[in-house]
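Colleague:
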Amino acid sequence: MNWYLKAMRRYFEWRGRSARAEFWYFTLFYLIISFLSGVVDYLLGYTDVDQLTPVNTLVILVHIIPTITVSIRRFHDRDQSGWRTLGLIVPIANLVLLADLARRGTDGPNRFGDDPLDPIADPHVHSRLLQAGAPRSVPVVNPRRPTFTSHNAAVPSSSNSLIEEIERLDQLRRNGVISEQEFDRLKANTMKRADA
Numbered sequence: 001m002n003w004y005l006k007a008m009r010r011y012f013e014w015r016g017r018s019a020r021a022e023f024w025y026f027t028l029f030y031l032i033i034s035f036l037s038g039v040v041d042y043l044l045g046y047t048d049v050d051q052l053t054p055v056n057t058l059v060i061l062v063h064i065i066p067t068i069t070v071s072i073r074r075f076h077d078r079d080q081s082g083w084r085t086l087g088l089i090v091p092i093a094n095l096v097l098l099a100d101l102a103r104r105g106t107d108g109p110n111r112f113g114d115d116p117l118d119p120i121a122d123p124h125v126h127s128r129l130l131q132a133g134a135p136r137s138v139p140v141v142n143p144r145r146p147t148f149t150s151h152n153a154a155v156p157s158s159s160n161s162l163i164e165e166i167e168r169l170d171q172l173r174r175n176g177v178i179s180e181q182e183f184d185r186l187k188a189n190t191m192k193r194a195d196a
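Going by this note's numbering, the letters in the sequence shown line up with residues 1 to 196, in that order.
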């Protein structure tokens, strides 16, 4: 539900990137809402399939713009032009494009913005990390400086500090500050930086 609401809050935002979860959960909830609105229309007496129904039409009108913008941002996450969204209205081509939208986006920042899966780039997650005692030296990704990302933040200098960092992340996860997915991603990034 949070991903659906996030897509709705980004109603007119065609710039930036959207993770697979945002796109697919938005699509799922839109389909559920559309089905339920069809049931309501049926209960109101609109039984002719060729007839425009008021509730379902309203649902479609409310969702048309966010459907387009979340699709554009999803293509951006794949480092592709948002104009590919137009291909979604072409039969057969739409199946190929939907399959492409199901693939993971590019790792790290790309020409369309920060990686939506990077919790440090997400201001809400970053503020939660700070509230939970994460060091303020953890950088937020700056799109104007694409070479400076959370992936090249301070590297633990010894195996003890690596273990301490992973334990700190585990504590943040247990306290509910970061999700399981955020923990796994941050742990993998920490271990990658330590190996470098």
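Backbone N, C-alpha and C define an ideal beta-carbon position, used for all residues, glycine too. Since the structure is predicted, the reported quantities are computational estimates derived from the model, not experimental observations.
Compare the C-beta of phenylalanine 35 against all C-beta atoms of chain D and say whether one is closer than 7 Å.
Modeller: Protein chain content of the structure displayed is limited to a single chain, and chain D is not contained in it.
Colleague: Opposite asparagine 110 in the DSSP bridges: which residues?
Modeller: Partner(s): Gly113.
Colleague: Please confirm if the segment 90-99 is in contact with the segment 107-116, defined as three or more CB-CB distances below 8 Å between the two stretches.
Modeller: Because the criterion of three Cβ pairs below 8 Å is not met, the segment 90-99 and the segment 107-116 do not touch.
Colleague: Using the Cα positions of threonine 147 and proline 116, report the straight-line distance between them to the nearest angstrom.
Modeller: Residue placement at threonine 147 cannot be trusted, given a pLDDT of 38 that sits under 50; the coordinates are not used to answer.
Colleague: At the level of alpha carbons, what is the spacing between leucine 162 and glycine 87?
Modeller: Cα to Cα, leucine 162 sits roughly 47 Å from glycine 87.
Colleague: Does the separation of the CB atoms of serine 18 and valine 90 fall below 7 Å?
Modeller: Cβ distance not < 7 Å, so serine 18 and valine 90 don't count as in contact.
Colleague: Got a sec? Which residues, its chain only, sit under 6 Å from leucine 186 by beta carbon, not counting five neighbours each side?
Modeller: Around leucine 186: Leu169.
Colleague: Give every residue of the same chain whose Cβ lies closer than 7 Å to the Cβ of asparagine 56, excluding the five residues on either side of it in the sequence, and list them in chain order.
Modeller: Here the set comprises Ser34, Ser37, Gly38, Asp41.
Colleague: Out of Ala194, Arg15, Trp24, which one is the CA nearest neighbour of leucine 5?
Modeller: The shortest C-alpha separation from leucine 5 is found at Trp24.
Colleague: Would a C-beta distance cut-off of 7 Å place alanine 21 and proline 66 closer than the cut-off?
Modeller: Contact: no.
Colleague: So, under 8 Å CB-CB, tryptophan 3 and arginine 73 are touching, yes? Tell me the CB distance rounded to an integer number of Å.
Modeller: Tryptophan 3 to arginine 73, Cβ: 12 Å. No contact.
Colleague: Return yes when the C-beta of leucine 36 is under 6 Å from any heavy atom of the ligand NAD, and no when it is not.
Modeller: Of ligands this structure carries none, so the ligand NAD is not represented either.
Colleague: DSSP on proline 261, reduced to helix/strand/coil?
Modeller: Because the chain here runs from 1 to 196, residue 261 falls outside it and cannot be looked at.
Colleague: Does DSSP classify leucine 44 as helix, strand or coil?
Modeller: Residue state, collapsed to three classes: coil.
Colleague: Go through its chain and collect everything with a Cβ distance to aspartate 195's Cβ below 7 Å, but skip five positions before and after it.
Modeller: So no residue of the chain qualifies.
Colleague: In angstroms, rounded to a whole number, what distance separates the CA positions of glycine 16 and aspartate 50?
Modeller: Each residue's Cα considered, the two are about 38 Å apart.
Colleague: Between the Cα of leucine 28 and those of His63, Glu165, Ile178, spot the shortest distance and give me the residue it belongs to.
Modeller: The shortest Cα separation from leucine 28 among His63, Glu165, Ile178 belongs to His63.
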